[in-house]
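Residue numbers (our numbering): 1426 to 1625. First comes the structure, then the notes that go with it.
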Ligand code: SF4
Ligand code: SF4
């Protein structure tokens, strides 16, 4: 245990070893997952690609879809919290192998400097991985770098780095959840730039 909302499993309490092997599996959503994207990620990408704000809707139509997510929340004063399910944004995938549109043929990210927070933070700041060794082991079946992490191989990330990224992830998710809750989980009220015909 570290900060109120960030838990680190015993295995990683002193830090974590991780070096990406560039296999591109995470950029294919590990076959069944999503690459989540927040408004700040989209704005950064639009700027990086030299598109202006009027191109925002075009960018969203081309690269973004609605995806399912959930967030556990306990109201102040309540004994119990609950898991809320709602929509958020994710990258569309393309091709037979369903890859992120920004992945090139050599498994390199073409928007590396502006990639979404989810891509930056994997796996050091992913709460669902650093707080659960069983989730980590599950993902290690799909990611060779995580298999090495379990053997303490790779670059070292300190406990402070884990907490910093994991806190950032939690706060981003919480901020979006609270906005969604305030707007009756209507994503079009939260993200006013979304075209109404955005697909799932
Ligand atoms: S799945 Fe793991 S090794 Fe492969 S690109 Fe992603 S982080 Fe790197
Ligand atoms: S933005 Fe880059 S790192 Fe993120 S999923 Fe796409 S190709 Fe991979």
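C-beta atoms are modelled at their ideal positions from N, C-alpha and C, and glycine is treated no differently.
Legend entry - residue 1443 and residue 1580 closer than 8 Å at C-beta: Here the question's residue 1443 lines up with position 18 in the chain shown. Here the question's residue 1580 lines up with position 155 in the chain shown. Between residue 1443 and residue 1580, the C-beta gap is smaller than 8 Å, which places the two residues in contact.
Legend entry - Continuous alpha helix (DSSP H) stretch holding residue 1465: start and end: Taking the first residue of the chain shown as position 1, residue 1465 is located at position 40. Looking at the DSSP string, the run of the alpha helix (DSSP H) that includes residue 1465 is 1464-1473.
Legend entry - Rounded separation between residue 1511 and residue 1610 - CA only: Taking the first residue of the chain shown as position 1, residue 1511 is located at position 86. Taking the first residue of the chain shown as position 1, residue 1610 is located at position 185. Each residue's CA atom was taken as its position, placing residue 1511 and residue 1610 some 6 Å apart.
Legend entry - Delimiting residues of the beta strand (DSSP E) encompassing residue 1510: Along the chain shown, one-based indexing puts residue 1510 at 85. Taken as a continuous stretch (DSSP letters only), the beta strand (DSSP E) holding residue 1510 covers 1507-1516.
Legend entry - C-beta contact flag for residue 1534 and residue 1542 at 8 Å: Reading the chain shown from its first residue, position 109 is the one you call residue 1534. Reading the chain shown from its first residue, position 117 is the one you call residue 1542. No. Outside cutoff.
Inset, instruction - Taking only the alpha-carbon atoms, compute the straight-line gap between residue 1591 and residue 1489 and give it to the nearest angstrom. - result: One-based indexing of the chain shown puts residue 1591 at position 166. One-based indexing of the chain shown puts residue 1489 at position 64. For residue 1591 and residue 1489, the gap between their C-alpha atoms comes out near 24 Å.
Legend entry - Check your reading: residues with Cβ closer than 5 Å to ligand 2 heavy atoms: 1452, 1460, 1525, 1527, 1528, 1534, 1540, 1544
Legend entry - Euclidean distance between Cα positions of residue 1625 and residue 1491: Reading the chain shown from its first residue, position 200 is the one you call residue 1625. Reading the chain shown from its first residue, position 66 is the one you call residue 1491. One C-alpha to the other measures close to 5 Å.
Legend entry - Under the three-state DSSP convention, the category residue 1592 falls into: Taking the first residue of the chain shown as 1, we reach residue 1592 at position 167. Helix.
Legend entry - Cβ shell of residue 1524 (< 8 Å), same chain only, five flanking positions each side left out: Counting from one through the chain shown, the residue named residue 1524 turns up at place 99. Counting only Cβ-Cβ distances below 8 Å, and skipping sequence neighbours, we find 1449, 1452, 1453, 1518.
Legend entry - Cβ shell of residue 1464 (< 7 Å), same chain only, five flanking positions each side left out: Locating residue 1464 in the chain shown gives position 39, where the first residue counts as 1. Here the set comprises 1616.
Legend entry - Helix, strand or coil at residue 1583 [DSSP, three-state]: Mapped onto the chain shown, residue 1583 falls at position 158. Residue 1583: strand per DSSP, three-state reduction.
Legend entry - CA-to-CA distance, residue 1482 to residue 1627, given in whole angstroms: Residue numbering for the chain in the displayed model covers 1426 to 1625; residue 1627 lies beyond these limits and cannot be assessed.
Inset, instruction - Using beta-carbon positions only, say whether residue 1468 and residue 1587 come within less than 8 Å of one another. - result: Translated into the one-based positions of the chain shown, residue 1468 becomes position 43. Translated into the one-based positions of the chain shown, residue 1587 becomes position 162. Going by C-beta atoms, residue 1468 is not nearer than 8 Å to residue 1587.
Legend entry - Distance, residue 1595 Cα to residue 1474 Cα: Here the question's residue 1474 lines up with position 49 in the chain shown. Here the question's residue 1595 lines up with position 170 in the chain shown. Pairing residue 1474 with residue 1595, the inter-Cα distance amounts to about 27 Å.
Legend entry - Inter-residue spacing [alpha-carbon to alpha-carbon] between residue 1479 and residue 1494: Residue numbering aside, residue 1479 sits at position 54 when the chain shown is read from its first letter. Residue numbering aside, residue 1494 sits at position 69 when the chain shown is read from its first letter. When rounded, the distance between both Cα atoms is 28 Å.
Legend entry - For residue 1555, the nearest candidate out of 1536, 1540, 1583, 1484 (CA to CA): On the chain shown, position 130 is the one that residue 1555 refers to. Ranking 1536, 1540, 1583, 1484 by Cα distance to residue 1555 puts 1583 first.
Inset, instruction - Go ahead and pull the three-state DSSP assignment for residue 1433. - result: In the chain shown, counting from the first residue as 1, residue 1433 sits at position 8. Reduced to three states, the DSSP call for residue 1433 is coil.
Inset, instruction - Look up residue 1440 in the DSSP assignment and give the residues it is bridged to. - result: As a first step, residue 1440 must be located in the chain shown, where it is residue number 15. Answer is 1583, bridged to residue 1440.
Legend entry - DSSP three-state assignment for residue 1615, whether helix, strand or coil: The residue you call residue 1615 lines up with position 190 of the chain shown. Three-state result, residue 1615: helix.
Legend entry - Beta-carbon proximity list for residue 1472, same chain, < 8 Å, skipping 5 on both sides: Within the chain shown, numbered from 1, the residue matching residue 1472 stands at position 47. Closer than 8 Å at the Cβ level, and outside the excluded window around residue 1472, lie 1539.
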